[in-house]
Structure formats: structure tokens, C-alpha cells
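Student: Residue numbers (the numbering used here), protein chains in the order written: chain A, 66 to 172; chain B, 8 to 118. Take this structure first; my questions come after.
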Amino acid sequence: GEDVEQSLFLSVREGDSSVINCTYTDSSSTYLYWYKQEPGAGLQLLTYIFSNMDMKQDQRLTVLLNKKDKHLSLRIADTQTGDSAIYFCAESNRLAFGKGNQVVVIP
Amino acid sequence: NAGVTQTPKFQVLKTGQSMTLQCAQDMNHNSMYWYRQDPGMGLRLIYYSASEGTTDKGEVPNGYNVSRLNKREFSLRLESAAPSQTSVYFCASSGDNYGYTFGSGTRLTVV
């Protein structure tokens, strides 16, 4: 079956920017999502983007959507220790999640 | 607080034992899901229910059964637990295009 693909691990210094990438396959999905999973917790919806948008800014978060390449990215500005988590992308037409990107923020 | 409630939070079973994981949501969502999360495997869909009265298999349904008891509740049953079912189980619901709401998970160990 078709799944989202994500790179796996990112280490970043506190205060730097983080960029997490995801490749999806269902171009008909209306929404694309980013979820955050903190240690020992469930997934929480972090942000989403409507498929007819190229970019969405939400405080420290910037979502970029490249529909031609089916590429979704999440940029976290001024990364903080509370941003250490696993990040998953997902799409509204599919029930699949990627393997997730683990982000570790170094103080 | 509105959301998805899972019980129990932790469980240890012996091989061959059975148990039911409970999930309830109070958001009037139509769809509910059960996922398992294993290291390096991401989230894998076990079963889902698109609406009350319907259930469908996901990616990894073997060894599990589900019941959509009503609109609020969706339970996952392990009839004869195996060590390979040691995992963290998440229930989720969705009612619109604004994504899923997840429960806090059940950590299951089968010895």
C-alpha cells in the first residue's frame, strides 16, 4: 500500500531551526497534518495545511507543501527543549502514518 | 475534558490470556481507529470503524478483534495473547477533516 515516508532522526541545538520532511503519495488528500508525540504520550495534532495552500505559518511553525513533488515539510524556528518529540505527518485520505521523525534538542 | 479515553494504561498478560482494551470518545466522531506502535515501525493500523455498526481490517489485524459498541465506544480484543503483541496501543477518533484525536495509549506486555 501507499504510505507516507519520513526521515528518522534529527539532532538540533536549542535556539536553532529544525526542518522535518515527509513525502506522501495521495495527491487527492484535502488536508495534510503534522502530529507531535512526546515521550510516553499519545499523538497530538500540531498543525495542518489545506491542500490548496503552499505555506502555512503558525507562530514558530512553518509548513511548506510542494504538491508537484508530494513533499511536506515542517520548520520549527527557535527550537526549544520542549520540542523534543517524534513528529508524524499524515494525510486526510489515508489512515497511514509515517515512521516518524525523532527530534532531539540539545540544550 | 473532551477527548479519547483508553483503559487500562498498563497491562501485563501471560501468553494465551485474553483481554479487551477499551476506548471511548465524547466528541461525537463517526470514525474510530486502533493502532499499535512498535520501535522503528511507526504507527500501524489494526482495525478501524468508519461509522457505528461497521468495522474494517487495517494493516495488521491478525490476532485481534474489535467491536463498535455504539458511536462512543470501540474496543479491541486479544483472544489469545502472544509475545508479538507486546506493544503500545493507541485508539483514535476523527469526525471531520481536522485530523485525528488520540488517546494516551495502553502499554501492553505479553510474557
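Every residue gets a Cβ at the ideal spot worked out from N, C-alpha and C, and that includes glycine. Source: prediction; values computed, not measured.
How big is the Cα-Cα spacing for A57(B) and Y71(B)?
Tutor: A57(B) and Y71(B): Cα-Cα distance of roughly 18 Å.
Student: Would you check if there are 3 or more beta carbon pairs closer than 8 Å linking the stretch 34-51 of chain B to the stretch 93-102 of chain B?
Tutor: They touch, by the three-pair rule.
Student: On the DSSP bridge assignment, give the partners of E80(B) in chain order.
Tutor: Beta-bridge pairing links E80(B) to A31(B).
Student: Using only alpha-carbon positions, find the residue among S149(A), L126(A), Q124(A) and S116(A) that is nearest to H136(A).
Tutor: Among S149(A), L126(A), Q124(A) and S116(A), the Cα nearest to that of H136(A) is on S116(A).
Student: Tell me where the beta strand (DSSP E) around F153(A) begins and ends.
Tutor: First-last of the beta strand (DSSP E) with F153(A): A150 to E156.
Student: Examine chain B for any beta-carbon lying closer than 8 Å to the beta-carbon of Y152(A), and answer yes or no.
Tutor: Output row for Y152(A): interface = no.
Student: Do A88(B) and S25(B) come within 8 Å of each other at the CB atom, strictly closer than that value?
Tutor: It is a contact, given that the beta carbons lie within the stated cut-off.
Student: Counting only the same chain and skipping the five closest in sequence on each side, list residues whose C-beta sits under 8 Å from that of G110(B).
Tutor: Closer than 8 Å at the Cβ level, and outside the excluded window around G110(B), lie G10, V11, T12, Q13, C30, F97, C98 and A99.
Student: For the beta strand (DSSP E) containing A57(B), name the first residue and the last one.
Tutor: A57(B) -> no beta strand (DSSP E), and no H or E assigned at all.
Student: For Y113(A), decide whether its Cβ has a neighbour in chain B, counting only Cβ atoms nearer than 8 Å.
Tutor: Judged by the 8 Å Cβ criterion, Y113(A) is in contact with chain B.
Student: If you check the beta carbons only, do F162(A) and L50(B) fall under 8 Å apart?
Tutor: Against a cut-off of 8 Å, the Cβ pair of L50(B) and F162(A) comes out as a contact.
Student: Could you tell me how far apart the beta carbons of Y113(A) and G106(B) are, in whole angstroms, since I believe they sit closer than 8 Å?
Tutor: So it is a contact: roughly 6 Å between Cβ atoms.
Student: Pick helix, strand or coil for G65(B), following the three-state DSSP scheme.
Tutor: Here G65(B) sits in coil by DSSP.
Student: Using a cut-off of 9 Å between C-beta atoms, extract the partners of K164(A) located in chain B.
Tutor: Near K164(A) (Cβ distances below 9 Å), the residues of chain B are G47, M48, G49 and L50.
Student: Tell me the rounded alpha-carbon separation between M118(A) and L108(A).
Tutor: In a straight line, the C-alpha of M118(A) is about 24 Å away from that of L108(A).
Student: If contacts are defined as beta-carbon pairs under 8 Å, then Y152(A) and L139(A) qualify, I think. What distance do you get, rounded to the angstrom?
Tutor: Rounded, the Cβ-Cβ distance is 6 Å, consistent with contact.
Student: In its own chain, which residues sit with a C-beta less than 8 Å from the C-beta of G66(A), not counting the 5 before and 5 after it?
Tutor: With a pLDDT of only 39 at G66(A), under the threshold of 50, the placement of this residue in the model should not be trusted; the figure read from the coordinates follows. Cβ neighbours of G66(A) beyond the five flanking positions: A161.
Student: I'd like to confirm the pairing. Which residues does DSSP put opposite A99(B) in its beta bridges?
Tutor: For A99(B), which the question treats as bridged, DSSP gives the partners Y40(B) and F109(B).
Student: Measure from the alpha carbon of T146(A) to the alpha carbon of each residue in N158(A), P172(A) and I85(A), then state which is nearest.
Tutor: Closest by alpha carbon: P172(A).
Student: Starting from the C-beta of R78(A), find all residues in its chain whose C-beta is less than 7 Å away, skip the five residues before and the five after it, and write them out in chain order.
Tutor: Excluding residues within five positions, the ones whose Cβ falls inside 7 Å are I171.
Student: Could you give the residue range of the beta strand (DSSP E) that holds K101(A)?
Tutor: Per DSSP, K101(A) belongs to the beta strand (DSSP E) from Y96 to Q102.
Student: Tell me where the beta strand (DSSP E) around V19(B) begins and ends.
Tutor: Where V19(B) is concerned, the enclosing beta strand (DSSP E) stretches over F17 to L20.
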